[in-house]
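In order, the protein sequence lines correspond to chains A and B. If you read the first sequence in my numbering, its first letter stands for residue 1, the second for the next number, and so on. If you read the second sequence in my numbering, its first letter stands for residue 1001, the second for the next number, and so on. Cβ atoms here follow ideal geometry from the backbone N, Cα and C, with glycine treated the same way. Quantities reported herein were computed from a predicted structural model and do not represent experimental measurements.
Number of protein chains: 2
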Amino acid sequence: MVTRIPLQLLDCLPKAGAEPLARSTAESMATALKAVADPTRLQILAMIAASKNQESCVCNLTEPLDLTQPTISHHLKKLAEAGLISGERRGTWVWYSLNRERWAQIANLFNG
Amino acid sequence: MVTRIPLQLLDCLPKAGAEPLARSTAESMATALKAVADPTRLQILAMIAASKNQESCVCNLTEPLDLTQPTISHHLKKLAEAGLISGERRGTWVWYSLNRERWAQIANLFNG
DNA sequence: TGAGATTATAGATAAGTATCTATACAGACA
DNA sequence: TGTCTGTATAGATACTTATCTATAATCTCA
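Pasting the structure below:
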């Protein structure tokens, strides 16, 4: 006996080959995007990009953003972990600059 | 009497014109990015994009993603609120498709 | 070496959110 | 109209995280 599939269901069958994005890939992309998806971190990135030599020390970010220094450090750490910025100690200060290659990778998520 | 500024400090002064990104703008951008910055939602977006006519009903998403139907509905709502997808009821099913213009707007955040 | 300045870390707290179960709503069809 | 199917909403819970205060670590310089 043949099971009859109602028309309703047939209309809704997934097309062959519509494989879901691999979970591991999706998680890796989401981690990078989460780092950017925060208003304070977007402001930090904008300020670095607008600074002389496109780099900034922490001291330049704290006052304009009206947040405490540990909070700024927390956000810089998140951005660094996502590979979006790098910090380099020069004397007393730590200078943060954008990682252009990583930035381009994320842009490609949307251009593909 | 002139206050003497130590050399150390001079080295760290922000450059003129390095205005922070307006908070309201940053928050609006972050809202859109937060919608994308979730592995499940990335998978949903990928599945919609890979589907026939680039649209999908909820029933096609639930099983491959191994999540309950209310959870999928929750994510679809988030994506819709961010303007990234739109749902259209056709009979029993609601079909979701990508909003290309909105997608392009987000891509521009990274290409600018 | 010791004092002062800059940055990072630890721990606490409050707010946000991804997920579930239970249930309501909406359309198809017999 | 009543039943079945597909989708949305409500409420609860556990997990994440943005922020703060307090403190440690690191560097400069007198």
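Evaluate residue i with the Cβ neighbour count: other Cβ atoms within 10 Å of its Cβ, from every protein chain shown; 16 or more gives buried, anything less gives exposed.
i: T1071(B); result: exposed
i: P1064(B); result: exposed
i: T1040(B); result: buried
i: N108(A); result: exposed
i: A26(A); result: buried
i: N1060(B); result: buried
i: A1037(B); result: buried
i: M104(A); result: For clarity, residue 104(A) is Ala in the given sequence; the question names Met instead. By the neighbour-count rule (16 or more Cβ atoms within 10 Å), A104(A) is not buried but exposed.
Give the single residue among the options whose Cα lies nearest to the Cα of residue i.
i: R23(A); options: Y1096(B), S1056(B), L1067(B); result: L1067(B)
i: S28(A); options: E81(A), Q43(A), H75(A), R41(A); result: E81(A)
i: Q43(A); options: H1074(B), L1021(B), I1106(B); result: L1021(B)
i: L1084(B); options: T1031(B), V1058(B), N1053(B); result: T1031(B)
i: E55(A); options: A104(A), R90(A), N108(A); result: R90(A)
i: K52(A); options: R102(A), S97(A), W103(A); result: S97(A)
i: R1102(B); options: E1088(B), W1095(B), L1079(B); result: L1079(B)
i: E34(A); options: G87(A), H75(A), R100(A), E88(A); result: Before going further, note that residue 34(A) is Lys rather than Glu in the sequence given. Of G87(A), H75(A), R100(A), E88(A), the residue nearest in Cα terms is H75(A).
DSSP has residue i in a bridge; who is on the other side?
i: C1118(B); result: Examination of residue 1118(B) is not possible in this model, given that chain B is present from 1001 through 1112 alone.
i: G83(A); result: Partner(s): none; G83(A) has no beta bridge.
i: E1088(B); result: W1095(B)
Considering only residues of the same chain and omitting the five flanking positions on each side of residue i, which have a CB-CB separation below 6 Å?
i: W1093(B); result: C1057
i: I120(A); result: Since the first residue shown for chain A is 1 and the last is 112, residue 120(A) is missing from the structure and cannot be characterised.
i: R1100(B); result: none
i: T62(A); result: Q69, I72
i: R88(A); result: For clarity, residue 88(A) is Glu in the given sequence; the question names Arg instead. Answer for E88(A): W95, listed in chain order.
Can you give me the Cβ contacts of residue i inside the same chain, cut-off strictly under 8 Å, excluding the 5 residues immediately before and after it?
i: L1045(B); result: V1036, L1079, L1084, I1085, L1098
i: A1049(B); result: L1098
i: K1077(B); result: none
In its own chain, which residues sit with a C-beta less than 7 Å from the C-beta of residue i, not counting the 5 before and 5 after it?
i: I1005(B); result: Per-residue confidence for I1005(B) stands at a pLDDT of 28, beneath the threshold of 50, marking its modelled position as unreliable; no derived number is given.
i: F110(A); result: none
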